[in-house]
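Heads up, the thing below is written out as structure tokens.
Numbering (the numbering used here), first residue to last: 2 to 455.
Pasting the structure below:
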């Protein structure tokens, strides 16, 4: 909780990490961004999915400013990581936005602009309007909302899941930015020029950032070229001296510049003109989708449930498509770049992707008998653990009689049933043509198992 001198408290509902909390505190300290022209608006939309703009005359609209200021703070309970940015434009600068009269409230979305027509500028009314009006083509999932958010999105359409570490640094091009560009083009069914212009502005800005970062690496960071990702600053006994602190700050800034440059070059590898091939494809193929982004550093266990080991990926990033209607899961196995993700979505739209089948072999259940009266009988009572990859070999192509036990880690009676299976295997241990298998149904998928057995 955060308590302000104004009397009301703010509850933090985000991820409990150092960078996330610092970002939350910074949003409390600076809840509003003042802008004066359209370039400032474009700059905000580059880094934020939605911009809520208040056009005010500070001489006449002081009460309106107070309510808008409190609204921007209270909305942090809904949006703790500040995906939706609140901005203000005052005085004659409002004319740049085509406003002759104040106060006015506008919501700039990726594909449209909404204007608040109600005269009620109370905090509760503004919060209700913003919550009901905002719709995002892509959004981050906060703790305690994962199941509801995914369920509400997957019912409406297929769902694109992006697992990637979250960056709290503005101006840093990431996989999240890349998927946002792709999602806007994919859903641009009306071929809206505003959407294309917005994406062009964003890519131009990040290219400029890359250029300036390169310049900084050549000048400001000339002593720290080719910084290793896992390198740390070499501290000494005098590491608290001002000179050492400035040098340490410079080192980590240069490390961030270098990483941002490498990441941008990695993601945008390929032909950018392929974005046009994706324009409005969701409507052309009747396969609409929404995108949900999860922090892979905190939700890696959810990825494992889908059969994806995030930790094996150096960038800890993965792209998955969930189709609830067809009960299909599609996982992108190629390198995650702009060009390959476009191909992945095109193949999904045209129905050429193969369903992802999970295959994880659990721990075997094997017990050695200490005393055996019949020495001719094998001394191991064995209940073999298999995965879906071994199904065809062990079950369908086998000439033996096979008893297969499918269990779940959520099942209270499965451990008891496994014990019964072991007892039965002990009883029938003299029969060489009978074998006992078990498989974890939570971690393995068996596509068309019944039809294969028939």
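Where a beta carbon is used, it is the ideal one built from N, C-alpha and C, also for glycine.
Given the structure is predicted, the values throughout are model-derived calculations rather than measurements.
Could you pull the start and end residues of the beta strand (DSSP E) that residue i belongs to?
i	result
residue 85	85-91
residue 161	159-165
residue 332	329-332
residue 1	Nothing in the structure corresponds to residue 1, since the chain is present only between 2 and 455.
residue 115	114-116
Please state if the CB of residue j and the CB of residue i are separated by a distance shorter than 8 angstroms.
i	j	result
residue 317	residue 298	yes
residue 421	residue 442	no
residue 139	residue 168	no
residue 293	residue 186	no
residue 1	residue 108	For residue 1 there is no data in the structure shown, the boundaries of the chain being 2 and 455.
residue 72	residue 124	yes
residue 192	residue 280	yes
residue 1	residue 75	Only positions 2 to 455 of the chain appear in this structure, which leaves residue 1 out of reach.
residue 79	residue 38	no
residue 342	residue 320	yes
residue 159	residue 358	no
residue 278	residue 347	yes
residue 51	residue 188	no
residue 404	residue 395	no
residue 337	residue 176	yes
Grouping DSSP H, G and I as helix and E and B as strand, with all else coil, what is residue i?
i	result
residue 383	strand
residue 338	coil
residue 198	helix
residue 483	Nothing can be reported for residue 483: it is not among the residues displayed for the chain, which extend from 2 to 455.
residue 438	strand
residue 50	coil
residue 230	Residue confidence for residue 230 is low, a pLDDT of 47 falling below 50, so the modelled location carries little weight; the figure read from the coordinates is stated next. Reduced to three states, the DSSP call for residue 230 is coil.
residue 403	strand
residue 368	Because residue 368 sits at a pLDDT of 44, beneath the cut-off of 50, its placement in the model cannot be relied upon, and the point is left open.
residue 277	helix
residue 70	helix
residue 296	strand
residue 107	strand
residue 408	strand
residue 3	strand
residue 378	Any reading at residue 378 must be qualified, since the residue scores a pLDDT of 48, below 50, and its modelled position is unreliable; the value itself is stated next. Reduced to three states, the DSSP call for residue 378 is coil.
residue 316	coil
residue 289	coil
residue 56	strand
residue 11	strand
residue 97	helix
residue 471	There is simply no residue 471 to check, as the chain begins at 2 and stops at 455 in what is shown.
residue 349	helix
residue 373	With a pLDDT of only 44 at residue 373, under 50, the local geometry of the prediction cannot be trusted, and no value is derived from it.
residue 220	coil
residue 433	coil
Cutting at 6 angstroms between CB atoms, please list the residues of its own chain near residue i, excluding the five before and the five after it.
i	result
residue 106	55 and 117
residue 406	422 and 439
residue 6	none
Does the beta-carbon of residue i, which I'm using as the reference point, lie nearer than 7 angstroms to any heavy atom of the ligand FAD?
i	result
residue 279	As for the ligand FAD, it is missing from this structure, which has no ligand bound.
In its own chain, which residues sit with a C-beta less than 8 angstroms from the C-beta of residue i, not counting the 5 before and 5 after it?
i	result
residue 374	In this predicted model, residue 374 has a pLDDT of only 46, less than 50, meaning its place in the structure is not dependable; the value taken from the coordinates is given anyway. Same-chain partners within the cutoff: there are none.
residue 21	15, 81, 82, 167 and 169
residue 2	10, 11, 12 and 13
residue 371	Confidence in residue 371 is poor, its pLDDT being 40 and thus under 50, which makes the residue's placement unreliable; the coordinate value appears in the next sentence. Counting only Cβ-Cβ distances below 8 angstroms, and skipping sequence neighbours, we find nothing.
residue 399	436
residue 250	none
residue 49	83, 84, 85 and 86
residue 64	122
Would you mind reading off the limits of the alpha helix (DSSP H) that contains residue i?
i	result
residue 181	176-187
residue 130	124-134
residue 421	415-428
residue 324	Looking at the DSSP string, residue 324 is not in any alpha helix (DSSP H); the run it does join, the beta strand (DSSP E), is 319-324.
residue 19	19-30
residue 16	Here residue 16 belongs to no alpha helix (DSSP H), and DSSP marks it neither H nor E.
residue 282	282-285
residue 303	301-306
List the whole-angstrom C-beta distance separating residue i from residue j, where the pair is believed to meet the contact cut-off of C-beta under 8 angstroms.
i	j	result
residue 18	residue 161	Not confirmed; about 24 angstroms, so no contact.
residue 89	residue 57	6 angstroms
residue 53	residue 87	5 angstroms
residue 456	residue 32	The structure shown has nothing for residue 456, since the chain only spans 2 to 455.
residue 389	residue 447	6 angstroms
residue 1	residue 199	One cannot answer for residue 1 here, as it falls past the ends of the chain, which runs 2 to 455.
residue 311	residue 164	6 angstroms
residue 196	residue 112	6 angstroms
residue 144	residue 122	Rounded, the Cβ-Cβ distance is 32 angstroms, inconsistent with contact.
residue 1	residue 309	Lying before the first or after the last residue shown, residue 1 is absent from the chain, which here runs from 2 to 455.
residue 350	residue 286	4 angstroms
Skipping 5 residues on each side, what residues in its chain have a beta carbon closer than 7 angstroms to that of residue i?
i	result
residue 434	401 and 402
residue 330	307, 321, 323, 356 and 357
Taking 8 angstroms as the CB-CB cut-off, is residue i touching chain C?
i	result
residue 46	The displayed structure is made up of one protein chain only, and chain C is not part of it.
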